[in-house]
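Chains as they are written, first to last, in this note's numbering: chain W, 303 to 812; chain V, 574 to 941.
This is the structure in structure tokens:
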């Protein structure tokens with residue numbers, strides 16, 4: 303707070319070990335960060351990165367080991383204690399109140415502004431201006447949170463943390479929800495801030511690690527397997543150390559399909575939650591055994607398209623033909639029964655029932671199929687047998703099939719969804735941001751599965767913001783902009799630059 | 574090792590919660606100038622001292638169990654049913670109507686028929702808030718409570734009008750109640766000299782049925798999925814509004830069954846005040862029983878004990894029976910706070926660290 307927190311010249315984590323039931327989350331970890339240094343903490347999902355940071359923030363208490371600041375041992379009982387030392391964390395999920403302004407949100411955490419009977423907003427405003435000037439981090443203090451894009455909300459989180467006097471920033475996957483443009487801006491901003499602050503950031507994306515960090519530490523299964531200066535190592539070295547083997551992302555080089563159309567979308571008009579036309583006369587054709595990548599900045603109708611196809615959103619006009627059959631405005635159950643698979647954007651709240659066990663989630667769409675149902679009773683033996691098989695086949699890391707699906711890590715949740723959707727043998731798959739926020743190993747696995755399905759004749763609509771993912775996997779790339787398909791081009795012609803121009807809404811004319 | 578600690582921790586928190594509830598109750602008892610220890614002793618032990626006491630507790634357990642089971646179905650499906658009181662009243666009216674219309678049916682036909690009628694009446698009353706919520710997003714908290722008032726008025730209207738005992742009419746004393754219903758409806762009182770009736774077996778059977786329904790069938794799966802995550806359920810092709818309505822109808826049907834059994838087993842006629850707050854106590858029983866049949870049975874016994882014990886305190890220690898409602902309120906508050914405490918992993922971690930620090934010195938194997 304305005305407190306003169308002493309500068310942190312050196313922060314050292316020594317031999318920290320943290321156990322959870324059945325899991326050794328952090329195993330004898332030692333790390334050191336100096337003044338104005340940026341440490342990138344990389345590793346697969348479940349490697350222990352977030353746990354380690356929660357220990358540092360005082361959310362967890364280490365079973366063994368200690369934390370030293372400037373050579374003195376410190377003990378944090380809660381995030382407030384960590385704050386008092388100037389350590390601030392920006393979590394993956396933003397903690398902002400949507401119907402309050404930026405100013406009010408920041409005042410919430412800023413206790414000096416809590417005067418008796420009133421909130422001293424001018425003090426907060428002054429502090430926001432100070433932070434903006436110091437780091438070149440501009441936000442509009444009077445904007446409401448709900449009006450802001452994800453990237454802007456993250457800036458608010460950063461400003462909030464800095465206004466509270468943080469001298470040492472922890473960022474948990476700061477770019478996982480950002481568009482490519484926003485990511486570039488954030489990296490540039492963090493580079494400027496690194497001149498005055500120490501930063502630890504957790505990331506999966508090696509490009510950012512290379513761009514931003516001075517030092518890199520790689521965690522695998524709770525251990526530090528590598529530490530070193532970023533500039534001495536190439537991205538592929540780091541990737542190899544992360545997964546334990548050399549990563550070659552799978553590439554689609556099989557010939558395009560000739561098997562006829564699977565999904566035909568004609569002149570689709572669909573409204574968004576706020577009532578405007580999210581899809582405006584959209585048409586798209588996808589063949590059997592073909593992957594069509596849908597590129598676009600998020601918010602241009604991708605979510606509405608996926609929901610309309612799957613019967614979750616009302617179609618105002620237009621037509622969706624699935625394998626020759628009309629599925630426009632059918633119920634979700636009817637669409638599922640016709641052979642549609644769907645990997646939704648919100649994997650934690652839509653793709654699974656978080657409080658249900660893993661095995662219960664595997665049968666989410668099949669509770670009435672004779673495979674698992676006899677006279678309304680669920681066949682527990684069959685369910686357990688198949689669930690165990692899926693867990694092994696998809697390498698889902700959990701102690702057993704009875705754990706609550708919501709307690710799994712992001713990558714494992716995605717594998718549960720993928721396992722369910724693929725094992726149902728769909729004719730078509732809609733995959734929305736299937737690898738967002740996942741580590742290289744899990745992403746590679748999911749890509750391979752998608753390619754394999756394609757080769758078996760399944761049509762796939764791949765919605766993603768990662769251009770590399772789209773160009774690697776797709777036969778055709780469609781670019782969506784403001785609810786319309788801007789252009790469809792073969793993947794061989796889809797250069798990063800050309801896609802970028804199309805995504806920005808410029809019609810390219812050949 | 575940690576699992577063992579977790580179980581111990583959970584039990585510890587619950588014991589502390591019970592103590593806290595009793596302590597809070599003690600403050601109120603002190604405030605009204607009652608003898609605290611004696612009151613508790615009377616409530617908790619006096620009913621269990623003789624045959625009549627025990628059977629009277631079991632007698633109260635029957636409607637509590639059945640209503641709590643229904644509330645569990647609704648709660649697990651994402652809808653909070655505060656309308657059991659009204660659903661029970663409508664169920665009683667339906668049962669009474671059947672008994673008045675067909676007094677000569679044989680027992681084996683009339684009893685199931687009348688109970689079924691009670692279920693249908695309750696289900697119909699449950700359907701209204703279910704449909705309002707599913708189709709128009711009307712809060713069930715509002716609609717169920719309001720429907721309780723309507724049901725109470727309807728109940729009084731029928732007892733004073735169409736169903737009024739002809740004997741009352743001639744004598745003109747005007748007690749709003751139906752005539753003594755046909756003996757073919759009587760549930761067997763299987764212990765001589767007590768009122769305990771075969772309805773208790775129906776309650777236990779219903780508990781088993783609800784367990785099977787919720788955890789072993791696809792219908793239960795769908796209802797629980799709709800309650801746990803509406804979005805994921807919709808995504809999975811589950812017709813969420815439909816299952817909301819079904820859950821609410823089951824919930825209402827159970828309240829109706831509870832009413833039918835209460836009439837057939839205890840009162841043998843429809844009188845005013847039969848529902849007697851069972852519809853609200855059922856919510857507490859359901860929560861106290863962890864929204865699971867296996868917990869609801871003991872919870873219902875406990876609350877039966879409280880309700881009957883409170884009658885005795887009035888006679889033996891002069892503490893008003895309303896005190897039980899105060900205790901119920903306290904118990905709800907304690908349950909809610911206990912749940913929050915148990916859901917806080919950090920607190921548990923800290924307690925565990927302390928515990929290990931304390932227990933490590935003398936013999937590590939003992940607790941680990």
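All C-beta atoms in this analysis are idealised placements derived from N, C-alpha and C, irrespective of residue type, glycine included.
Remember, predicted model here, so these are calculated numbers, not experimental data.
If you draw a straight line from the alpha carbon of residue i to that of residue j, how long is it in whole angstroms?
{"i": "residue 375 of chain W", "j": "residue 861 of chain V", "result": "45 Å"}
{"i": "residue 832 of chain V", "j": "residue 577 of chain V", "result": "42 Å"}
{"i": "residue 583 of chain W", "j": "residue 460 of chain W", "result": "39 Å"}
{"i": "residue 735 of chain V", "j": "residue 828 of chain V", "result": "23 Å"}
{"i": "residue 548 of chain W", "j": "residue 779 of chain W", "result": "Model confidence at residue 548 of chain W stands at a pLDDT of 49, short of 50, so the residue's coordinates are unreliable; what they give is reported in the following sentence. Whole-angstrom Cα-Cα distance: 28 Å."}
{"i": "residue 667 of chain V", "j": "residue 750 of chain V", "result": "14 Å"}
{"i": "residue 689 of chain V", "j": "residue 630 of chain W", "result": "42 Å"}
{"i": "residue 477 of chain W", "j": "residue 506 of chain W", "result": "9 Å"}
{"i": "residue 421 of chain W", "j": "residue 409 of chain W", "result": "8 Å"}
{"i": "residue 340 of chain W", "j": "residue 390 of chain W", "result": "14 Å"}
{"i": "residue 574 of chain V", "j": "residue 581 of chain V", "result": "The predicted position of residue 574 of chain V is uncertain, since its pLDDT is 42 and thus under 50; a value taken from the coordinates is nonetheless stated next. Roughly 11 Å separates the two Cα atoms."}
{"i": "residue 524 of chain W", "j": "residue 743 of chain W", "result": "16 Å"}
{"i": "residue 804 of chain W", "j": "residue 781 of chain W", "result": "7 Å"}
{"i": "residue 753 of chain V", "j": "residue 699 of chain V", "result": "28 Å"}
{"i": "residue 757 of chain V", "j": "residue 695 of chain V", "result": "22 Å"}
Take residue i as the anchor and find which of the options has the nearest alpha-carbon.
{"i": "residue 637 of chain W", "options": "W:565, W:574, W:604 and W:655", "result": "W:565"}
{"i": "residue 694 of chain W", "options": "W:661, W:677, W:672 and W:682", "result": "W:661"}
{"i": "residue 723 of chain V", "options": "V:858, V:663 and V:644", "result": "V:663"}
{"i": "residue 625 of chain V", "options": "V:765, V:641 and V:853", "result": "V:765"}
{"i": "residue 677 of chain W", "options": "V:727, V:789, V:613 and V:900", "result": "V:789"}
{"i": "residue 453 of chain W", "options": "W:766, W:440 and W:444", "result": "W:440"}
{"i": "residue 369 of chain W", "options": "W:404, W:405 and W:312", "result": "W:312"}
{"i": "residue 412 of chain W", "options": "W:401, W:427 and W:400", "result": "W:427"}
{"i": "residue 361 of chain W", "options": "W:377, W:373 and W:371", "result": "W:377"}
{"i": "residue 602 of chain W", "options": "W:625, W:573 and W:626", "result": "W:573"}
{"i": "residue 780 of chain V", "options": "V:628, V:634, V:622 and V:585", "result": "V:634"}
May I ask you to list the residues that DSSP assigns as paired with residue i?
{"i": "residue 265 of chain W", "result": "Residue 265 of chain W is absent from the model: chain W starts at 303 and stops at 812."}
{"i": "residue 844 of chain V", "result": "V:750"}
{"i": "residue 770 of chain V", "result": "V:762"}
{"i": "residue 654 of chain V", "result": "Paired residue(s): none; residue 654 of chain V is not in a bridge."}
Just reading off the alpha helix (DSSP H) that residue i is part of, what are its end residues?
{"i": "residue 319 of chain W", "result": "No alpha helix (DSSP H) holds residue 319 of chain W; the beta strand (DSSP E) holding it covers 312-322."}
{"i": "residue 695 of chain W", "result": "682-695"}
{"i": "residue 620 of chain V", "result": "First-last for residue 620 of chain V: undefined, no H or E at that position."}
{"i": "residue 757 of chain V", "result": "That residue, residue 757 of chain V, is in no alpha helix (DSSP H); it is neither H nor E in DSSP."}
{"i": "residue 812 of chain V", "result": "Here residue 812 of chain V belongs to no alpha helix (DSSP H), and DSSP marks it neither H nor E."}
{"i": "residue 689 of chain V", "result": "680-709"}
I'd like to know if residue i contacts chain V, where contact means its C-beta is closer than 8 Å to some C-beta of that chain.
{"i": "residue 491 of chain W", "result": "no"}
{"i": "residue 382 of chain W", "result": "no"}
{"i": "residue 651 of chain W", "result": "yes"}
{"i": "residue 666 of chain W", "result": "yes"}
{"i": "residue 363 of chain W", "result": "yes"}
{"i": "residue 657 of chain W", "result": "yes"}
{"i": "residue 353 of chain W", "result": "no"}
Note the first and the last residue of the continuous beta strand (DSSP E) segment covering residue i.
{"i": "residue 643 of chain W", "result": "642-645"}
{"i": "residue 361 of chain W", "result": "Neither: residue 361 of chain W is in no beta strand (DSSP E) and is coded neither H nor E."}
{"i": "residue 500 of chain W", "result": "500-505"}
{"i": "residue 581 of chain W", "result": "579-589"}
{"i": "residue 779 of chain W", "result": "778-783"}
{"i": "residue 525 of chain W", "result": "525-531"}
With respect to 7 Å, is the separation between the Cβ of residue i and the closest non-hydrogen atom of the ligand NAP below this value?
{"i": "residue 878 of chain V", "result": "This structure does not include the ligand NAP; it has no bound ligands of any sort."}
Can you confirm whether residue i, when its beta carbon is compared against all beta carbons of chain W, has any partner nearer than 8 Å?
{"i": "residue 710 of chain V", "result": "no"}
{"i": "residue 582 of chain V", "result": "no"}
{"i": "residue 932 of chain V", "result": "no"}
{"i": "residue 789 of chain V", "result": "yes"}
{"i": "residue 802 of chain V", "result": "yes"}
{"i": "residue 881 of chain V", "result": "no"}
{"i": "residue 794 of chain V", "result": "yes"}
{"i": "residue 921 of chain V", "result": "no"}
{"i": "residue 940 of chain V", "result": "Here the model assigns residue 940 of chain V a pLDDT of 40, short of 50, so the residue's position is not dependable, and the following value carries that caveat. No, its Cβ sits nowhere closer than 8 Å to a Cβ of chain W."}
{"i": "residue 810 of chain V", "result": "yes"}
{"i": "residue 806 of chain V", "result": "yes"}
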